[in-house]
Ligand code: 13P
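Residue numbers (the numbering used here): 5 to 345.
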């Protein structure tokens, strides 16, 4: 393992004004997204949609890397250029989702453990050859009714760290993604407590399994009040609670924290990141690795119609630009109205 190369890649992924596009929806998840716009989830449609995103001119100004799904990393653009090569040519780092999903955790009602460690060393080798330079593994946790349990927290932390160690051995930057789901009616304090417990276990396991934090990125949830709660915390409260939790639990050796959007509205995801960066500098770069919050307007504008290709790309570029501004705390809601440049 060459830690300096891993560290350089991690820092490139959180370069000033830039963040990551998560376009690694599994076949099941992309079907849900396509269902919402009435488009059939065929291999051809998935390729067409990913091509729309990956050929958007100027995206590299705000997008440092893209997380791909197993099917996508093997697909090519119309002109035959493999997607990873297309991205790399634009200066965008290709990445890959390597877990095989969250499955029911045995003897733990309502909790999940993420699978995918068997054969991972060999798969990483193949993905590296296909052009991947970073890889993501996502674990999920729920809040409420005694959850998350210590059992769920430590089982997932162990798997996250095993994946991270294998990634580093293969010369691939691990994106460690523990996502405390923000559904429900929990308070900001309850979210902070659950997120803190999860982070504590994750960094203990990463340390015990010899993972070099300088060659990793953390992809966590923000600390939010539950989506179904009646009194939702505002942007400054969210930023304050999230920062307080992360200052307590995330070592400064981690080069960057790349938040997931996790079902926040596009505007909220941008405003929350902006509010955190406005109070910087912080020990780590605070950036984004958004799926829905970067893609939702693009998906809608495209609607599966070839004639809407440009409208879809403009919608994606607009969100990329606003989140790019949030990297330095220079986003303002008025920018939402401006026509995409
Ligand atoms: P969202 O931003 O839509 O939560 O997706 C990010 C991601 O990669 C979830 O694993």
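No residue lacks a Cβ here, since even glycine has one placed at the ideal position from N, Cα and C.
- Between residue 137 and residue 177, the CB-CB gap stays under 8 Å.
- In the DSSP assignment, residue 177 forms a beta bridge with 138.
- Excluding five sequence positions before and after residue 62, the CB atoms of its chain that fall closer than 7 Å to its own CB belong to 321, given in chain order.
- DSSP places residue 330 in the helix class (H, G or I) of the three-state scheme.
- As summarised for the region 35-81, the continuous alpha helix (DSSP H) elements at least 4 residues long and confined to that stretch are 47-58, 74-77, given in chain order.
- If you check the CB distance, residue 97 and residue 17 come in under 8 Å.
- Counting other Cβ atoms within 10 Å of its Cβ, residue 110 stays below 16 and is therefore classed as exposed.
- About 14 Å separates the beta carbons of residue 29 and residue 58, which is beyond the 8 Å limit, so they are not a contact pair.
- Taking the Cα positions, residue 224 is about 9 Å away from residue 265.
- Around the Cβ of residue 174, a 10 Å sphere holds 16 or more other Cβ atoms; the residue is buried.
- Here residue 131 is buried: its Cβ has 16 or more other Cβ atoms, across all protein chains shown, within 10 Å.
- In the three-state DSSP reduction, residue 7 falls in the helix class (H, G or I).
- Note on residue 276: 16 or more other CB atoms within 10 angstroms of its CB, so buried under the neighbour-count rule.
- With fewer than 16 other Cβ atoms from the protein chains shown falling within 10 Å of its own Cβ, residue 187 counts as exposed.
- DSSP links residue 143 through a beta bridge to 182.
- Residue 26 is bridged by DSSP to 71.
- Between residue 44 and residue 35, the alpha-carbon positions lie close to 8 Å from each other.
- Counting along the chain, no alpha helix (DSSP H) covers residue 217, and no H or E run does either.
- Distance from the CA atom of residue 279 to the CA atom of residue 238, rounded to whole angstroms, is 10 Å.
- Residue pairing from DSSP places residue 291 in a beta bridge opposite 262.
- One alpha carbon belongs to residue 84, the other to residue 55, and they sit about 11 Å apart.
- With a cutoff of 8 Å on beta-carbon distance, residue 181 and residue 151 are scored as not near each other.
- In this structure, the CA atom of residue 248 is about 23 Å from the CA atom of residue 153.
- Within a 10 Å sphere around the beta-carbon of residue 214 sit fewer than 16 other beta-carbons, which makes this residue exposed.
- Classified as exposed, residue 269 has fewer than 16 neighbouring CB atoms from the shown chains inside 10 Å of its CB.
- Residue environment analysis places residue 146 among the buried positions, since at least 16 neighbouring C-beta atoms fall within 10 angstroms of its C-beta.
- Residue 116 is bridged by DSSP to 108.
- Residue 26 has its CB nearer than 7 Å to a heavy atom of the ligand 13P.
- DSSP lists 151 as the bridge partner or partners of residue 148.
- Relative to the ligand 13P, the beta carbon of residue 282 is positioned no closer than 7 Å to any heavy atom.
- In this structure, residue 264 has its CB closer than 7 Å to one or more heavy atoms of the ligand 13P.
- DSSP lists 71, 138 as the beta-bridge partner residues of residue 99.
- Separation of residue 79 and residue 272 (C-alpha to C-alpha, rounded to the nearest whole angstrom) is 33 Å.
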